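Inspection log for the structure reproduced underneath, given as structure tokens.
There are 2 protein chains.
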Amino acid sequence: METPLREPTFLILTALAGEPLHGYGLIAEVDRLSGGRVSLRPGTLYGALDRLVDAGLVRVDHEEIVEGRLRRYYQLTEPGGEVLATETERMRRNVDAATARLRAIKAAPRLSGGVA
Amino acid sequence: METPLREPTFLILTALAGEPLHGYGLIAEVDRLSGGRVSLRPGTLYGALDRLVDAGLVRVDHEEIVEGRLRRYYQLTEPGGEVLATETERMRRNVDAATARLRAIKAAPRLSGGVA
DNA sequence: AGCCAATATATCGGCTGCGAAGGTATGACG
DNA sequence: CGTCATACCTTCGCAGCCGATATATTGGCT
Chain A
42 METPLREPTF
52 LILTALAGEP
62 LHGYGLIAEV
72 DRLSGGRVSL
82 RPGTLYGALD
92 RLVDAGLVRV
102 DHEEIVEGRL
112 RRYYQLTEPG
122 GEVLATETER
132 MRRNVDAATA
142 RLRAIKAAPR
152 LSGGVA
Chain B
42 METPLREPTF
52 LILTALAGEP
62 LHGYGLIAEV
72 DRLSGGRVSL
82 RPGTLYGALD
92 RLVDAGLVRV
102 DHEEIVEGRL
112 RRYYQLTEPG
122 GEVLATETER
132 MRRNVDAATA
142 RLRAIKAAPR
152 LSGGVA
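Here it is, written out as structure tokens:
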């Protein structure tokens, strides 16, 4: 697993931090928690899930058949929760650093397009 | 330019939001603002700078020779500042979503490794 | 004088993760 | 009986990062 986590992977872990979900449910949940801004594609989702399971951050919780269709539920593991917490902290620091500098820019713009 | 920005690219923009910097100065600044956690490699830095200049998010401010060595200073453009702001907002939302769910986990763990 | 470290730039190849596209199967609905 | 929605999975190309490597100059150490 590469770290820093990319956005799709990060959101998958975040979604699973709520409750175990199956593939399609995960897509829906990520859609919801991102306010519709991120729609996972199957290729992204299953690739990411395979990697996450390999790395032990997620595991298959159980499978069930609903209306003839298999649902494979994935669950966040404890290491998965730790990685999510660590990555969240990293991002928080980056966000804070950027926010501080952006505030300074607004106060006294120094960009190419600044007021002449 | 791919969006979401990857961490090195994001930090380069953040560093340049403070003041124009040259390559090596940028490496030092990113080192500092990341608390030593991120040390840019030349390959990462110059690749990213090329892409950022191509995309118009950063531009060459000026060049100067200090002690016989060329320093090429890069400056954040206005579009660059906007992208940085947008990306920061995106990350803030993701951080908030993850934080909320992580808090819930701590209160009532539901992970594989939870208390038996 | 001779050498190594630090400053400063740049390039190349491999790896990884994402995304677009496409594929299979089942049940529901008209 | 065809189409849509659900649900799984695979393959391929691309973009960005990183390690390694290269080149040039200044300065310090011996």
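So the sequences go chain by chain: A and B.
Each residue of the first sequence is one higher than the one before, starting from 42 at the first, in the working numbering.
Each residue of the second sequence is one higher than the one before, starting from 42 at the first, in the working numbering.
Just so you know, even glycine gets a beta-carbon here, dropped at the ideal spot from N, CA and C.
The structure presented is a predicted model; accordingly, all values stated were derived computationally and were not measured.
Keeping to the same chain, check which residues put their C-beta closer than 8 Å to that of residue i; ignore five residues upstream and five downstream.
| i | result |
| --- | --- |
| Ile146 of chain A | Leu152 |
| Tyr87 of chain B | Gly64 |
Starting from the C-beta of residue i, find all residues in its chain whose C-beta is less than 7 Å away, skip the five residues before and the five after it, and write them out in chain order.
| i | result |
| --- | --- |
| Ala89 of chain B | Pro49, Thr50, Ile53 |
In the DSSP assignment, find the unbroken alpha helix (DSSP H) run with residue i in it and report its ends.
| i | result |
| --- | --- |
| Glu123 of chain A | 119-148 |
| Arg100 of chain A | Premise fails: Arg100 of chain A lies in the beta strand (DSSP E), 99-107, not in any alpha helix (DSSP H). |
| Glu60 of chain B | Here Glu60 of chain B belongs to no alpha helix (DSSP H), and DSSP marks it neither H nor E. |
| Val94 of chain A | 83-95 |
Could one say the Cβ of residue i lies closer than 8 Å to chain B's Cβ atoms, at least one of them?
| i | result |
| --- | --- |
| Val136 of chain A | yes |
| Leu52 of chain A | yes |
| Arg92 of chain A | no |
| Ile146 of chain A | yes |
| Leu125 of chain A | yes |
Determine which residues share a DSSP beta bridge with residue i and list them.
| i | result |
| --- | --- |
| Tyr65 of chain B | According to DSSP, Tyr65 of chain B bridges with nothing at all. |
| Leu111 of chain B | B:Ile106 |
Quick one: does residue i have its CB under 8 Å from some CB of chain A?
| i | result |
| --- | --- |
| Glu60 of chain B | yes |
| Thr129 of chain B | yes |
| Arg142 of chain B | yes |
| Glu48 of chain B | yes |
| Glu119 of chain B | yes |
For residue i, which residues from the same chain have a beta carbon less than 6 Å from its beta carbon, with the 5 sequence-adjacent residues on both sides left out?
| i | result |
| --- | --- |
| Ile68 of chain B | Leu81 |
| Arg112 of chain B | His63, Glu105 |
| Tyr114 of chain B | Pro61, His63, Asp102, His103 |
Looking at C-beta atoms only, is the number of pairs between the region 73-85 of chain B and the region 94-113 of chain B that lie closer than 8 Å three or more?
Contact between the region 73-85 of chain B and the region 94-113 of chain B is absent, because fewer than three Cβ pairs lie under 8 Å.
Take every Cβ of the region 59-68 of chain B, pair it with every Cβ of the region 125-136 of chain A, and state whether three or more of those distances are shorter than 8 Å.
Here the region 59-68 of chain B does not lie against the region 125-136 of chain A, with fewer than 3 beta-carbon pairs under 8 Å apart.
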